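Participant: Quick one: the structure is below, questions incoming.
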Amino acid sequence: MAEGVLEGGLATLFEVVAPVAMMALFLAEIGLADMEAIDYAKRSWFIRGFSYGVVLGANGARNSYVFDKFKLEEGAFQNSWYPDQAKAFQNAYHSGLLKGLAYGRQLNLAESGKLMKILHAKVGRWSPEELRNWDNWGHRAKIDYYQWLAAEFRGSFMAPP
316 MAEGVLEGGL ATLFEVVAPV AMMALFLAEI GLADMEAIDY AKRSWFIRGF SYGVVLGANG
376 ARNSYVFDKF KLEEGAFQNS WYPDQAKAFQ NAYHSGLLKG LAYGRQLNLA ESGKLMKILH
436 AKVGRWSPEE LRNWDNWGHR AKIDYYQWLA AEFRGSFMAP P
């Protein structure tokens, strides 16, 4: 009789514990997938910031210009899936921006000139005459210029996140 009770007790225990354990594993997998998605988004923001930094640094942009035009407030990083991660995304972007800026500034004149020439050719939006008249460009045109070059740099020279 005791054996039957023990077997019945273990069977009942297993019937209760197994679904709970499976649910715990399922929730852990969801949590890991969530963490992977957040990490992917952070890498994406870092790469975006880095690409802006490289082209700004290679083109000799001043710190005041970079921080005035390309430093983004936390609101720019709002994400409906991960609203609590805006600050982390902002930090990833700004970290990439600073690292890219440092890298772009390390290029010598020949290297930065070659990089800009390659990017200009790939983007193909501006004539040599337009590029020579940089000082006459408006604020929005200069930001568009850096956005196009940074996007091309990401697509041509950086691995996906």
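For the sequence shown, the working numbering begins at 316 and goes up steadily by one. Just so it is clear, CB atoms sit at the ideal spot from N, CA and C, and this is done for glycine as well. Quick caveat, the model's predicted, so the values are computed rather than measured.
Using 9 Å as the threshold, is the C-beta distance between Gly-470 and Gly-419 below it?
Facilitator: Counting from 1 along the sequence shown, the entry for residue 470 is found at position 155. Counting from 1 along the sequence shown, the entry for residue 419 is found at position 104. No; because the gap between Cβ atoms is not below 9 Å, this pair is not in contact.
Participant: Grab the span of the alpha helix (DSSP H) containing Lys-457 for me, first residue to last.
Facilitator: For the purposes of this step, residue 457 is identified with residue 142 of the sequence shown, where counting begins at 1. That run of the alpha helix (DSSP H) goes 454-472.
Participant: Round the Cβ separation of Ala-407 and Lys-457 to the nearest angstrom and send it over; I've been treating them as touching at under 8 Å.
Facilitator: Your numbering for residue 407 matches position 92 in the sequence shown. Your numbering for residue 457 matches position 142 in the sequence shown. Contact doesn't hold; Cβ gap of about 25 Å is too wide.
Participant: Using C-beta distances below 6 Å, list every residue in its chain close to Gln-393, excluding the 5 sequence neighbours before and after it, in chain order.
Facilitator: Within the sequence shown, the letter at position 78 stands for residue 393. Counting only Cβ-Cβ distances below 6 Å, and skipping sequence neighbours, we find Ala-401.
Participant: Mapping DSSP to helix, strand and coil, what is Ala-417?
Facilitator: Position 102 of the sequence shown, counted from the start, is the residue given in the question as residue 417. In this structure, Ala-417 counts as helix in the three-state DSSP scheme.
Participant: Thinking C-alpha only, which one of Pro-443, Arg-440 and Ile-353 is nearest Ser-395?
Facilitator: Taking the sequence shown and counting its residues from 1, the one referred to as residue 395 is at position 80. Checked all of Pro-443, Arg-440 and Ile-353; the closest Cα to Ser-395 is Ile-353.
Participant: State the start and end residues of the unbroken alpha helix (DSSP H) segment that holds Glu-444.
Facilitator: By one-based count along the sequence shown, residue 444 stands at place 129. Taken as a continuous stretch (DSSP letters only), the alpha helix (DSSP H) holding Glu-444 covers 443-447.
Participant: In or out: Arg-447 buried (at least 16 other Cβ within 10 Å) or exposed?
Facilitator: Residue 447 sits at position 132 when you count from the first residue of the sequence shown. Result: exposed.
Participant: Buried or exposed: where does Glu-467 fall if 16 or more other Cβ atoms within 10 Å of its Cβ makes it buried?
Facilitator: On the sequence shown, residue 467 is found 152 positions in, with the first residue counted as 1. Buried, by the Cβ-count rule.
Participant: Taking the alpha carbon of Ser-366 as the point to measure from, which residue in His-454, Asn-423, Tyr-397 and Phe-385 has its own alpha carbon closest?
Facilitator: In the sequence shown, the residue the question calls residue 366 occupies position 51. The shortest C-alpha separation from Ser-366 is found at Phe-385.
Participant: Under DSSP, the alpha helix (DSSP H) around Ala-376 begins and ends at which residues?
Facilitator: On the sequence shown, residue 376 is found 61 positions in, with the first residue counted as 1. Element bounds for Ala-376: n/a, residue is neither H nor E.
Participant: How about Gly-368 and Val-381: are their beta carbons less than 9 Å apart?
Facilitator: Position 53 of the sequence shown, counted from the first residue, corresponds to residue 368. Position 66 of the sequence shown, counted from the first residue, corresponds to residue 381. Taking 9 Å as the Cβ cut-off, Gly-368 and Val-381 qualify as a contacting pair.
Participant: Report the option in Gln-405, Gly-428 and Leu-412 whose CA atom is closest to the CA atom of Asn-378.
Facilitator: Along the sequence shown, one-based indexing puts residue 378 at 63. That would be Leu-412, whose Cα lies nearest to the Cα of Asn-378.
Participant: Straight-line CA distance for Tyr-397 to Ser-410?
Facilitator: In the sequence shown, residue 397 corresponds to position 82, counting from 1. In the sequence shown, residue 410 corresponds to position 95, counting from 1. If I take the Cα positions, the gap works out to 20 Å.
Participant: Are the beta-carbon atoms belonging to Phe-361 and Pro-475 less than 9 Å from one another?
Facilitator: The residue you call residue 361 lines up with position 46 of the sequence shown. The residue you call residue 475 lines up with position 160 of the sequence shown. Contact flag unset, no.
Participant: Is the CB-CB distance between Tyr-461 and Trp-441 below 9 Å?
Facilitator: Position 146 of the sequence shown, counting from 1, holds the residue named residue 461. Position 126 of the sequence shown, counting from 1, holds the residue named residue 441. In this structure, Trp-441 does not lie closer than 9 Å to Tyr-461 by Cβ.
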